[in-house]
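Novice: UniProt numbering applies: residue 1 is where the sequence shown begins, and numbers increase by one.
We put the beta carbon where it would ideally sit given N, CA and C, even for glycine.
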Amino acid sequence: EAIESNAPVVTQVLTSTQLAIQAPNVLTVPGETYPESGIRLVSSAPPLISRELCCGTHVPAAGVIGEFCVTQVKGAGGNSPLLYALTGDSAAQARELYCRAQKLAEVIDLADPDRVKDEVTAIKRALSELTGTAGAPYGEYADCLQLLISLTKKATTNKNDLALQ
Numbered sequence: 001e002a003i004e005s006n007a008p009v010v011t012q013v014l015t016s017t018q019l020a021i022q023a024p025n026v027l028t029v030p031g032e033t034y035p036e037s038g039i040r041l042v043s044s045a046p047p048l049i050s051r052e053l054c055c056g057t058h059v060p061a062a063g064v065i066g067e068f069c070v071t072q073v074k075g076a077g078g079n080s081p082l083l084y085a086l087t088g089d090s091a092a093q094a095r096e097l098y099c100r101a102q103k104l105a106e107v108i109d110l111a112d113p114d115r116v117k118d119e120v121t122a123i124k125r126a127l128s129e130l131t132g133t134a135g136a137p138y139g140e141y142a143d144c145l146q147l148l149i150s151l152t153k154k155a156t157t158n159k160n161d162l163a164l165q
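1. Which two residues bound the contiguous beta strand (DSSP E) that contains Tyr84?
2. Restricting to runs no shorter than 4 residues, where is the alpha helix (DSSP H) found entirely within the segment 88-114?
3. Do Ala94 and Leu127 have their C-beta atoms within less than 9 Å of each other?
4. Indicate whether Gly31 and Gln72 have their beta-carbon atoms separated by less than 9 Å.
5. Would Glu119 pass as a contact of Leu130 if the rule is Cβ separation under 9 Å?
6. Helix, strand or coil for Gln18? Go by DSSP, reduced to three states.
7. Out of curiosity, what's the CA-to-CA distance linking Tyr98 and Tyr141?
8. Considering only the alpha carbon of each residue, which of Thr156, Leu48, Arg100, Gly139 lies closest to Glu1?
9. Within the continuous alpha helix (DSSP H) that includes Gln72, where are the two ends?
10. Check the C-beta distance from Leu151 over to Val116 and give it rounded, since I have them as a contact under 8 Å.
11. Between Ile149 and Ile65, how many whole angstroms is the CB-CB distance? I'm expecting something under 8 Å.
12. Can you tell me which of Ser43, Tyr138, Thr121 puts its alpha carbon nearest to the alpha carbon of Asn25?
13. Alpha carbon to alpha carbon, how far is Tyr138 from Leu27? Give it in angstroms, no decimals.
14. Name the two residues that bound the continuous alpha helix (DSSP H) containing Ile149.
15. In its own chain, which residues sit with a C-beta less than 7 Å from the C-beta of Glu92, not counting the 5 before and 5 after it?
16. If you follow the alpha helix (DSSP H) that Ser5 is part of, which residue opens it and which one closes it?
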């Protein structure tokens, strides 16, 4: 919603004193040490209100991000979870790979089991190159990985069934 609304993003450079006065409840990165001056406070306007120190976004408006796809989460149960996401063309590529896995699931009983396994391997490799390995898989990415696991099992079962015939 924030991306579609093209919400403006504002960056302020503050001292630690100014930060304490103007933004006492700002989101910080756990374990990060901030300098006395030159602290970048990045804020986005509604519908998604966010105020973060330098580790935040570096875009002039949310619409610049384009496609957006959360792939992994670290510390999901904590106060400050760390999100890994793809944006723009990379997010679109990931979604295309998800669709490829879903289409493979639709034709698995008609496809050669070895070709299914090869396609699953190719999709996993491409996803890994896009997303990296940090954090726990999340959302569409986690669903796709589960689907790929089930496709591999189904292909093995289909291959065994063919061998028995």
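Specialist: Taking the coordinates as given:
1. 82-87
2. Counting only runs of 4+ residues, the alpha helix (DSSP H) found wholly inside the segment 88-114 occupies 88-107, in chain order.
3. yes
4. no
5. No. Outside cutoff.
6. helix
7. 8 Å
8. Leu48
9. No alpha helix (DSSP H) contains Gln72, which is instead part of the beta strand (DSSP E) from 68-74.
10. 6 Å
11. The pair is not a contact, with the Cβ atoms about 30 Å apart (cut-off 8 Å).
12. Of the residues Ser43, Tyr138, Thr121, the one whose Cα lies closest to the Cα of Asn25 is Ser43.
13. 22 Å
14. 139-164
15. Note that residue 92 is Ala in the sequence shown, not Glu. Within the same chain, Ala92 has close Cβ partners Glu67.
16. Under the DSSP assignment, Ser5 falls in the alpha helix (DSSP H) whose first and last residues are 2-5.
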